[in-house]
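Visitor: I'd like to ask some things about the structure below.
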Amino acid sequence: MNDPLPDVPEVRVVGLPQLTTGFDLVERLDLAMHLKVHGPLEPMTGERLAELAEAISLTGRGG
Numbered sequence: 018m019n020d021p022l023p024d025v026p027e028v029r030v031v032g033l034p035q036l037t038t039g040f041d042l043v044e045r046l047d048l049a050m051h052l053k054v055h056g057p058l059e060p061m062t063g064e065r066l067a068e069l070a071e072a073i074s075l076t077g078r079g080g
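Numbering (this note's numbering), first residue to last: 18 to 80.
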């Protein structure tokens, strides 16, 4: 386990963590740990990806 960084706030969640799952265990997730925590992504078409981006109003470079 990594020691917490002094300038990074503690990770807190209400309910089950989703985006921050694993941050309480390690400072950073490499690919192997990411897959262990979150599992692999399901394949999707470009059209489906575009639909998801529109559904959450993702715009520009990084939202």
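Even for Gly, the Cβ is constructed at its ideal location relative to N, Cα and C.
1) Could you give the first and the last residue of the continuous alpha helix (DSSP H) run that contains residue 50?
2) Return helix, strand or coil for residue 32, following the three-state DSSP convention.
3) According to DSSP, simplified to helix, strand and coil, what is residue 39?
4) Just to confirm, is the Cβ distance from residue 38 to residue 55 under 8 Å?
Guide: For this structure:
1) The count along the sequence shown starts at 1 and reaches residue 50 at position 33. It spans 48 to 55 - the alpha helix (DSSP H) in which residue 50 sits, taken as one unbroken run.
2) Here residue 32 corresponds to residue number 15 of the sequence shown, with the count starting at 1. Three-state DSSP puts residue 32 in coil, outside helix and strand.
3) For the purposes of this step, residue 39 is taken as the residue at position 22 of the sequence shown. Three-state result, residue 39: coil.
4) For the purposes of this step, residue 38 is taken as the residue at position 21 of the sequence shown. For the purposes of this step, residue 55 is taken as the residue at position 38 of the sequence shown. Yes, these two residues count as a Cβ contact at 8 Å.
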